[in-house]
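To keep things clear, I will list the structure first and then write my remarks on it.
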Amino acid sequence: MTYLFALLRKIKKSRLNPNHSRSRAAFKSTKTRSLATERPAPTSNANSTPSSPTTGTPASEDDEEDSSESSRPSIMEGLGENFAVVEDGWEDSLYRHQVDEAVLDDYLNSRNSHYKVDDDGTGRWTCLPPQAEDAEELCEPLSNIISSILGLLEEPSGEKSTREVINSHSDAFKYGTYKEACPDISVRATGPSFQLPKPSEEYVEGLGYSNAASVFDVLLDGHNLRDIDQASRMANHCKNIFLQQPNRNFVRSLIITQSSARLVHCDHSGVYLTPFFNIHRRPRTFMRLVLGLSSRKEDVLGFDTSIKWKVKSKDGRKRSGTITVVGDDGIPTSYILRMGRQPLVRQDFIGRGTTCWRAIHPVTGERVLIKDAWRPETRLSETDFLDTAKGIEGVVQVLSHQDRLAETKGYRPDVFEWKDSENRIKSRVVMKQYGLPIDCFTSRFQAIAALRDAIAGNREMLSRGVLHKDISIQNILFGPPGATPGRRGVLIDLDMAGWMRNSRRELRVNPFLGTRRFQSISVLLSEMWHCSPSHDYFDDLESIFYVLCTLVLLFEKPGVRSEPDERNFVKWDHSDPVCSGEAKIAFVNAYPIEASPFWGEVCEELIIGFKAILKPILDRKDAIRVSRKVPKEAKPDKLEAIGKEFDSDDVYEKVVKLFDDALLAIEREDREAAGVVASTSTLPTGSSTTSPLPPIASAISKADERSFLKRPADGDHSEASPAKRLHRS
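Residues 1 to 729 in full-length UniProt numbering are what the sequence shown lists, from first letter to last.
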């Protein structure tokens, strides 16, 4: 939190005139209070996913939290290479289609424009004071100027929408303690993609991030905020807009002083700013930006208009909606959004920006999950692997998909070079809807059977040349009710998958991609030993092993976790991949396998047997990594050779047989237990002798929300996971 406090102090100071003694005194007497201990400005998403010992703890700028006080330092500390300043002049090229130059000239020459030109030809916005003691003094005159400019907006035909400028520093401001944490000026909007915020989400009466077309922050000339600090502050506002307006492709905002302004652009490739330009000397550029950021045309604002809602006039909330997908046949299908289930949005917008929409097919009535995601241009589309997986039991099945809905390079200057960022491509996938994540089990048979079928699905994917590379507890879902063997568990989320035929450069292990809890030792220690071999099927199997251990050793029974084991599992979640890897080595070598009575010896033996299959391979890999006799440059080849020595079919067959034997034993024990209960029961007829397991409705409900958000990395069926990523992928 130290960085957060320092930045808020900088912002506070930048809003005061450093040359005015009263301002300095006021700043010195102002105590910067912890956002973690007092009520923060409202955050944006009710669907956020707290990190949990079940899902694994992420450890980077992609961490997912559901409170605004934790999201701010995440953005501020993690912006890093995802931030840049473009060359001067790009801002002049924007929004020229929004209004004719003649209209701008007529406005500037009118008496009510707030803009006057002196006899010497120098123009300025007259209501802006050249000097100010506090940036708050600028908010009202700037609001008046912006309101006047918005009078030039034309309403598009067929759409009812409004734009209204709101000064957050007016008497209506609700959270006065946090004026530095909320936008100074906002453009309140109505229209198909906006809705009134809930009272808990407002930062001004009737205004929140759900109905803000854009936001502006105000600073004083001569402020001392670095570019990174300005970008971080605005990125937090934009993040909240992304979360509350999930069909946004990009968000833009302005930082304004009494003499200058700069544009801040946020999309899934990162954040970039224009240099400051003089708003008095370049009033038309300023006006075009204001008009563009307040446009009544939602595509101009950055919305994906293939997603549409109807808003209730009574309460201003969305009541129905559709999402359109153009399939391979070129025919569009408008799926009906399930308004009772909110879209699940990845918390950090920089990266894949995964959003999952739960919908219904308009003809068949089938429930589906529609996943929007932004992949790096250098990565294959997930649809390539989903198409390969068609017909495989135990693997998610795709129904339709659409690629290249948008690209982030279309939102930046043509000649702009940004070495630390890459173009991202938006794709949309329609998939069958499945059940909850596997950690929402209600019986041990259900959990083990689901994991068994996911392993079989992973094996079949391997036979078709595909490595999953991202297996975690949130990437294994239960099949539909009454699913037959083979479909009781489903492996999802193939956007990190790779072809076995690819080169090492494309398959190289990376400890900063995936979910720390379930990463293999080879992946975790690759950085430490400067040895990065290709990801292989042993890495996938090892991830499955850690899923099994998490289920059996972390849970005492459905919905109840073991506190002692939970503390041990936290070590697997360590932000340092080496610490996590060493904890797993210790577990494999010496950790006692002791499950609760709920799981019994059957599941203990399952873990022991699984470990016995993996350990010889893990030991050989470890010997190569630490060997001084093996040259560093030769180690990747030797590590990869180990995988080729073992027949993958044979290894998977042994693992699947372990699970099949365990399931037979569990069935036998359950039948025997039921028989004992039936023969000794003294309950009246009609009393339950096969009573359900302890209720876990609350646990399932929470997991249902969490499961879609692991990236922040996935219930119903979850393919997204905003809460799990260790790095933007």
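We put the beta carbon where it would ideally sit given N, CA and C, even for glycine.
If you're wondering where the values come from, they're calculated on a predicted model, not measured in any experiment.
Taking 7 angstroms as the cut-off, the Cβ atoms of A359 and Y335 count as close. Counting only runs of at least 4 residues, the region 359-437 fully encloses the following alpha helix (DSSP H) elements, listed from N- to C-terminal order: 382-388. As DSSP reads the structure, K310 sits in a beta bridge with S320. With contacts defined as CB atoms closer than 7 angstroms, F659 and R452 qualify as a contacting pair.
Close CB contacts of G465 within its chain, under the 8 angstroms cut and outside five residues either way in sequence, are with T388, W499, M500 and R501 (chain order). C-alpha of D304 to C-alpha of N144: approximately 30 angstroms in a straight line.
The three-state secondary structure of T354, taken from DSSP, is coil.
Secondary structure in the region 548-636: the alpha helix (DSSP H) runs of 4 residues or longer, each lying completely within the stretch, are 563-572, 577-590 and 600-626 in chain order.
With fewer than 16 neighbouring CB atoms inside 10 Å of its own CB, T364 falls in the exposed class. G316 and S148 have their C-alpha atoms roughly 25 angstroms apart. The DSSP assignment places complete alpha helix (DSSP H) segments of no fewer than 4 residues inside the region 71-135 at 90-93 and 101-109, in order along the chain.
Between L541 and the set R671, L614, V570 and R424, the nearest pair of CA atoms involves L614. Taking each of R367, R375 and H361 in turn and checking the Cα distance to T355, the smallest one comes out for R375. For the options P141, A132 and L491, the alpha carbon positioned closest to that of S472 is the one of L491. Shown here, A483 sits in coil according to DSSP, grouped into three states, outside any helix or strand. When DSSP states are grouped into helix, strand and coil, D229 belongs to the helix group. Between the C-alpha atoms of L153 and A135 there is a straight-line separation of about 27 angstroms. According to DSSP, V271 shares a beta bridge with F83 and C266. Beyond the five residues adjoining it in sequence on each side, T322 comes within less than 7 angstroms, by CB distance, of K308, S334, Y335, I336 and L337 in the same chain, given in chain order. Annotation for I521: the continuous alpha helix (DSSP H) segment containing it runs I521 to L524.
For G340, no alpha helix (DSSP H) segment is defined, and its DSSP state is neither H nor E.
Of I607, C603, D576 and G600, the smallest CA-CA separation from F587 is found for I607. Annotation for R508: S532 place their beta carbon closer than 6 angstroms to its own, counting only its chain and skipping 5 residues before and after.
From the listed residues S269, S253, R620 and V415, the smallest Cα separation to I642 is found for R620.
The three-state reading of DSSP puts E154 in coil, since its state is none of H, G, I, E or B. P362 and R352 have their C-alpha atoms roughly 28 angstroms apart. In this structure the region 232-242 lies against the region 341-351, because at least three pairs of beta carbons, one per stretch, are closer than 8 angstroms. Taking one beta carbon from each stretch, the region 98-108 and the region 419-435 have fewer than 3 pairs nearer than 8 angstroms; the two do not touch. Assigned with DSSP and collapsed to three states, D661 falls in helix. Assignment of G498 by DSSP, reduced to helix, strand and coil, places it in the strand class.
No residue range can be given for E201, since it is assigned to no beta strand (DSSP E) and is classified by DSSP as neither H nor E.
No Cβ-Cβ contact shorter than 7 angstroms links V430 with S381. In summary, G222 is exposed, with fewer than 16 beta-carbon neighbours lying within 10 Å of its beta-carbon over all protein chains present. For a cut-off of 8 angstroms, the C-beta gap from F250 to G302 is around 4 angstroms, short enough to register as a contact. Per DSSP, V300 is one residue of the alpha helix (DSSP H) stretching across E298 to L301. Distances from the CA of E653 to each of R487, L494 and L462 were compared; the closest alpha carbon is that of L462.
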